[in-house]
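Read the structure below first, then the notes.
Numbering (our numbering), first residue to last: 719 to 1111.
This is the structure:
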């Protein structure tokens, strides 16, 4: 039940973060601002997560973990209530920034807590259960928010987000045990993981993987509409299929990771390349693209857990800080990917968009190979200087 509660909290966070994307026109009309101005509500959230995530996690590292998780969900519940009640853009913007500061803290602590609470002590499976909240959020939270705004009221959409966060808050208090930060890892020790060149190569690979994923997925509706000639109903159906397949793909990649982390990480950029090639080749063909979307979703679903596991290997001495680095730099990858994808659309047209993802996937593969080569050199050097074995990669 504790892991389900954490997944529900992640679902509430994703619904709050991404649900607003589908209701920007209604927000712009209600607050009497332009749609581009309303877009700041999305961009500011991602920027704050990327810029402040590791530092906020450091600041919260000595507080009881249940307290941190519960407080975060309380802030998200209050923020959604403010969205439903306010008629001022500045107020809504402020209450986008406040929860964004706690977003990476919740993810990093929830992932570490999931491993700590998992009876099987299986980090990949525990992480998959938490990440299930992300995939369910994309599959159902975002569409439900859009549906409520379009068919009930905009306020109802935000009250839905508040209710989910409130239930998660209550669940954390009821089902999670107190988890004091008894290890008291110093700030210096946590920041010390950044002194490793290998960590920066892992970070680079995470940025490139997420840029690959979102440089194409960020324009999912545009591609299916312009290239495949799907109408809005078909695009909505494909988004639902994408989200549902991601739920199962998330757990499938967790199982594959258990059989071999390095092999899975090496294979992931190759899978992305293959999917983007299919998206490009079969994009204009309606029926085949339905199958391609399902395959695309299956591969896309692995990005979260594959990258989190990969980066976590370099942050074993400060796991929560490592999770915060993952959240921040994955958001940076999303920002870079969507920006470059938008440039590709403007400069070369929608048809060539998949090759942007392919280029980032190649860059990710190169960064992963460089990380492995560095690890091998470190092992050889350690073997020459000491009889103790170096960490296995």
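Yeah, the Cβ is synthetic: ideal placement off N, Cα and C, and Gly gets one too. Note that the structure is predicted; figures quoted are calculated from it, not measured.
Can you tell me whether residue i is buried or exposed? The criterion is at least 16 other CB atoms within 10 Å of its CB, across all chains shown.
{"i": "residue 892", "result": "exposed"}
{"i": "residue 870", "result": "exposed"}
{"i": "residue 895", "result": "exposed"}
{"i": "residue 927", "result": "buried"}
{"i": "residue 763", "result": "buried"}
{"i": "residue 1062", "result": "buried"}
{"i": "residue 808", "result": "exposed"}
{"i": "residue 735", "result": "buried"}
{"i": "residue 949", "result": "exposed"}
{"i": "residue 1091", "result": "exposed"}
{"i": "residue 725", "result": "buried"}
{"i": "residue 1098", "result": "exposed"}
{"i": "residue 806", "result": "exposed"}
{"i": "residue 977", "result": "exposed"}
{"i": "residue 1105", "result": "Reliability fails at residue 1105, whose pLDDT of 48 lies under 50, so the model's placement of it is uncertain and the value that follows must be treated cautiously. Exposed is the call here."}
{"i": "residue 1109", "result": "No answer about residue 1109 holds up, because its pLDDT of 48 lies below 50 and its placement is not dependable."}
{"i": "residue 737", "result": "buried"}
{"i": "residue 1094", "result": "exposed"}
{"i": "residue 947", "result": "exposed"}
{"i": "residue 1004", "result": "exposed"}
{"i": "residue 750", "result": "exposed"}
{"i": "residue 987", "result": "buried"}
{"i": "residue 1065", "result": "exposed"}
{"i": "residue 803", "result": "exposed"}
{"i": "residue 886", "result": "buried"}
{"i": "residue 797", "result": "buried"}
{"i": "residue 1075", "result": "buried"}
{"i": "residue 973", "result": "exposed"}
{"i": "residue 1072", "result": "buried"}
{"i": "residue 982", "result": "buried"}
{"i": "residue 753", "result": "exposed"}
{"i": "residue 719", "result": "exposed"}
{"i": "residue 1034", "result": "exposed"}
{"i": "residue 847", "result": "buried"}
Considering only the beta carbon of each residue, do residue i and residue j sit closer than 8 angstroms?
{"i": "residue 844", "j": "residue 1000", "result": "no"}
{"i": "residue 728", "j": "residue 828", "result": "yes"}
{"i": "residue 1079", "j": "residue 960", "result": "no"}
{"i": "residue 922", "j": "residue 746", "result": "no"}
{"i": "residue 743", "j": "residue 775", "result": "no"}
{"i": "residue 1042", "j": "residue 861", "result": "no"}
{"i": "residue 694", "j": "residue 936", "result": "Shown here, the chain extends from 719 to 1111; a query on residue 694 therefore has no answer."}
{"i": "residue 908", "j": "residue 768", "result": "no"}
{"i": "residue 1047", "j": "residue 924", "result": "yes"}
{"i": "residue 853", "j": "residue 1023", "result": "no"}
{"i": "residue 989", "j": "residue 1010", "result": "no"}
{"i": "residue 815", "j": "residue 766", "result": "yes"}
{"i": "residue 863", "j": "residue 741", "result": "yes"}
{"i": "residue 884", "j": "residue 795", "result": "yes"}
{"i": "residue 1058", "j": "residue 939", "result": "no"}
Taking residue i and residue j to be in contact with their CB atoms under 8 angstroms, please state how far apart those CB atoms are, rounded to whole angstroms.
{"i": "residue 855", "j": "residue 732", "result": "3 angstroms"}
{"i": "residue 933", "j": "residue 1028", "result": "Not quite, the Cβ-Cβ distance comes to about 20 angstroms (not below 8 angstroms), so this is no contact."}
{"i": "residue 1030", "j": "residue 1040", "result": "5 angstroms"}
{"i": "residue 971", "j": "residue 910", "result": "Actually they do not touch by this definition, with Cβ atoms about 30 angstroms apart."}
{"i": "residue 791", "j": "residue 730", "result": "7 angstroms"}
{"i": "residue 942", "j": "residue 931", "result": "Residue 942 to residue 931, Cβ: 16 angstroms. No contact."}
{"i": "residue 1069", "j": "residue 945", "result": "6 angstroms"}
{"i": "residue 916", "j": "residue 1089", "result": "6 angstroms"}
{"i": "residue 799", "j": "residue 874", "result": "Actually they do not touch by this definition, with Cβ atoms about 12 angstroms apart."}
Can you give, in chain order, each stretch of the alpha helix (DSSP H) that sits fully within the region 962 to 1029 and has at least 4 residues? Unbroken alpha helix (DSSP H) runs of no fewer than 4 residues, entirely contained in the region 962 to 1029, are found at 979 to 1000, 1004 to 1018, following chain order.
If we require 4 or more residues per run, which alpha helix (DSSP H) segments fall completely within the region 727 to 782? Runs of the alpha helix (DSSP H) spanning 4 or more residues and lying entirely within the region 727 to 782 occur at 742 to 749, 753 to 756, 758 to 777, in chain order.
Any alpha helix (DSSP H) of 4 or more consecutive residues that is wholly inside the region 1043 to 1107: Within the region 1043 to 1107, the runs of alpha helix (DSSP H) that reach at least 4 residues and sit entirely inside it are, in chain order, 1071 to 1103.
Can you list the alpha helix (DSSP H) stretches of 4 or more residues lying completely in the region 794 to 859, in chain order? The region 794 to 859 contains these whole alpha helix (DSSP H) runs: 807 to 835, 841 to 854.
For the region 862 to 900, which segments carrying the alpha helix (DSSP H) assignment without a break, of at least 4 residues, lie completely within its bounds, in sequence order? Within the region 862 to 900, the complete alpha helix (DSSP H) runs of at least 4 residues are 872 to 893.
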